[in-house]
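Input: a single structure, listed below in structure tokens.
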Amino acid sequence: MLALFFILSQALSAHTADQAKRPPEVLTLVDQARALPPEFRADTLLRLSDSPLIKETAWKQELIEEAFWSGVHAPLPYPQWADKRSDSVPDNAVRQNRLEALTLQTRAVQAMLAIDPQKALRPYEEVQAPMIPMLNCSIVFTPVVLDYYQSAVFVFENSFSPKQRKQGDDFRFLQQLISALQSPSQVPPALEMIFAVKISPTQRLDLLSLLATKLQSILRPDREYGATETALVSAVPPNRLQSSEAGILLPALRSYIVASLGSASMRKGRWCRTIRMFNCAIRGHRW
1 MLALFFILSQ
11 ALSAHTADQA
21 KRPPEVLTLV
31 DQARALPPEF
41 RADTLLRLSD
51 SPLIKETAWK
61 QELIEEAFWS
71 GVHAPLPYPQ
81 WADKRSDSVP
91 DNAVRQNRLE
101 ALTLQTRAVQ
111 AMLAIDPQKA
121 LRPYEEVQAP
131 MIPMLNCSIV
141 FTPVVLDYYQ
151 SAVFVFENSF
161 SPKQRKQGDD
171 FRFLQQLISA
181 LQSPSQVPPA
191 LEMIFAVKIS
201 PTQRLDLLSL
211 LATKLQSILR
221 PDREYGATET
231 ALVSAVPPNR
241 LQSSEAGILL
251 PALRSYIVAS
261 LGSASMRKGR
271 WCRTIRMFNC
281 AIRGHRW
């Protein structure tokens with residue numbers, strides 16, 4: 001018991017000594033940041049951690065971790081864009097200013113990646129996968145979760161130790177992200193992630209097979225699918241799709257689009273237009 005007390009006392013003394021070395025004016029800025037609403041607190045702490053005012057690596061990490069947990073409480077869960085047909089009021093309500101919870105947390109992960117890549121893995125895993133409710137025609141907002149999947153590419157490439165890679169933890173990390181898909185807004189960035197990460201052809205086929213299976217359960221109204229159609233086409237890399245990859249991905253996308261469009265859109269010819277878009281985007285692979 002005495003030994004534990006001694007260790008804790010030493011740690012507290014070291015922490016106090018470190019704080020004593022920190023510039024008082026910068027400590028004042030940090031304290032002022034902590035008095036702000038959570039989204040502004042997280043943003044300010046991240047800016048301070050990246051500024052030349054903070055030279056101590058341990059202090060940078062402390063501020064990044066604090067910003068990460070402050071970001072959880074931001075009022076907006078993720079970036080959104082408003083349908084162009086809407087007026088400026090709803091558009092301004094969700095104007096992307098990088099103060100959304102998901103954005104702030106991924107910014108914290110990216111900041112940690114620059115300092116200590118292996119320490120970035122745990123906070124990324126703590127980020128709650130975007131829970132996107134079903135959108136109906138009266139909702140003019142469309143979720144934007146691109147940062148979440150782009151950050152995953154950097155975490156995959158930099159945050160796993162050789163031992164973890166040997167055990168396959170890095171690939172399971174990608175599999176878990178694909179398995180968590182639930183909304184059309186997530187499909188294009190997840191597809192981009194699959195083609196962006198540096199993995200073997202066999203592993204890519206495995207991820208595409210998992211995505212193909214997952215697409216069968218993503219049944220949302222045309223309102224949601226329609227807002228992501230252009231991004232979906234752009235997510236498929238032109239002239240880079242191998243025959244084996246096309247054989248898995250394209251039939252799955254076809255079924256997904258048919259199920260998403262519905263009979264009314266099919267009668268209006270949207271299905272044909274969508275097919276032409278994909279044929280233009282993926283030369284040499286016709287459905």
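Under the working numbering, the first residue of the sequence shown carries the number 1, and numbering increases by one thereafter.
Yeah, the Cβ is synthetic: ideal placement off N, Cα and C, and Gly gets one too.
Reduced DSSP category for residue 216 - H, G, I as helix; E, B as strand; rest coil = In this structure, residue 216 counts as coil in the three-state DSSP scheme.
For residue 80, the first and last residue of its enclosing beta strand (DSSP E) = First-last of the beta strand (DSSP E) with residue 80: 80-82.
Can you find a heavy atom of the ligand HEM that lies under 6 Å from the Cβ of residue 125?
-> Ligands displayed in this structure: none; no statement on the ligand HEM is therefore possible.
Given 8 Å as the limit, is there contact between the segment 152-164 and the segment 206-221, that is, 3 or more CB pairs closer than that?
-> Counting C-beta pairs with one atom in each stretch, the segment 152-164 and the segment 206-221 have fewer than three that are closer than 8 Å, which means they do not touch.
Touching or not, the segment 70-79 and the segment 117-125, by the rule of three or more beta carbon pairs under 8 Å?
-> Short answer: they don't touch.
Residue 128 classed as buried or exposed, judged by whether at least 16 other C-beta atoms fall within 10 angstroms | Residue 128 comes out exposed.
What does residue 171 pair with, by DSSP beta-bridge criteria?
-> Paired residues: none, contrary to the question.
DSSP three-state call for residue 63: helix, strand or coil?
-> Of the three classes helix, strand and coil, the one that applies to residue 63 here is helix, per DSSP.
Endpoints, the beta strand (DSSP E) within which residue 141 is located = Residue 141 -> beta strand (DSSP E) spans 141-143.
Burial state of residue 71 (16 or more Cβ within 10 Å) | Residue 71 is buried by the Cβ-count criterion.
State the DSSP-derived secondary structure class of residue 180, mapped to helix, strand or coil.
-> The three-state secondary structure of residue 180, taken from DSSP, is coil.
Contacts around residue 255, its chain only, beta-carbon distance under 8 Å, and the 5 residues preceding and following it disregarded | Its chain contains 215 and 216 as the residues whose beta carbon lies nearer than 8 Å to that of residue 255, once the 5 sequence neighbours on both sides are disregarded; these appear in chain order.
Hey, quick one: how far does the alpha helix (DSSP H) through residue 123 stretch, first residue to last?
-> First-last of the alpha helix (DSSP H) with residue 123: 121-126.
Closer than 8 Å by C-beta to residue 54: which residues in its own chain qualify, once you throw out the five before and the five after it? Chain order, please.
-> The residues 26, 48, 60 and 63, in chain order, have a CB closer than 8 Å to that of residue 54 in the same chain once the five nearest residues on each side in sequence are set aside.
Report buried or exposed for residue 180, applying the criterion of at least 16 other Cβ atoms within 10 angstroms of its Cβ.
-> Here residue 180 is exposed, its C-beta having fewer than 16 other C-beta atoms within 10 Å.
Report the three-state DSSP secondary structure of residue 255 (helix, strand or coil).
-> Helix at residue 255.
Which residue's Cα is closest to the Cα of residue 173: 183, 158, 184 and 182?
-> When only C-alpha atoms are compared, the closest one is 158.
Please list, in chain order, all residues of the same chain as residue 232 whose beta carbon is under 7 Å from its beta carbon, the five residues on each side excluded.
-> These residues qualify, in order along the chain: 187 and 188.
Contact set for residue 145: own chain, Cβ-Cβ below 7 Å, skip 5 residues either direction = If we look at residue 145 and ignore the five residues flanking it on each side, its Cβ neighbours are 78, 102, 130, 185, 186 and 189.
With DSSP collapsed to three states, give me the class of residue 116.
-> Coil at residue 116, not helix or strand.
Just checking my contact of residue 114 with residue 67 at CB under 8 Å: how many whole Å lie between their CB atoms?
-> That pair is no contact at about 14 Å.
Per DSSP, what kind of secondary structure is residue 186 in: helix, strand or coil?
-> Residue 186 falls in the coil class under three-state DSSP.
On the three-state DSSP scale, how would you describe residue 107?
-> If DSSP states are grouped into helix, strand and coil, residue 107 belongs with the helices.
Using DSSP with H/G/I as helix, E/B as strand and the rest coil, what is residue 55?
-> Correct three-state label for residue 55: coil.
At which residues does the alpha helix (DSSP H) containing residue 237 begin and terminate?
-> Under the DSSP assignment, residue 237 falls outside any alpha helix (DSSP H); it carries neither an H nor an E label.
By how many angstroms is the C-alpha of residue 183 removed from the C-alpha of residue 22?
-> Approximately 46 Å between the Cα atoms of the pair.
Mind checking which residues open and close the alpha helix (DSSP H) that includes residue 27?
-> That run of the alpha helix (DSSP H) goes 24-34.
Pull up the distance between the alpha-carbon of residue 197 and that of residue 24, whole angstroms please.
-> Straight-line Cα distance between these residues: approximately 43 Å.
Can you give me the start and stop residues for the alpha helix (DSSP H) that residue 42 sits inside?
-> That run of the alpha helix (DSSP H) goes 38-49.
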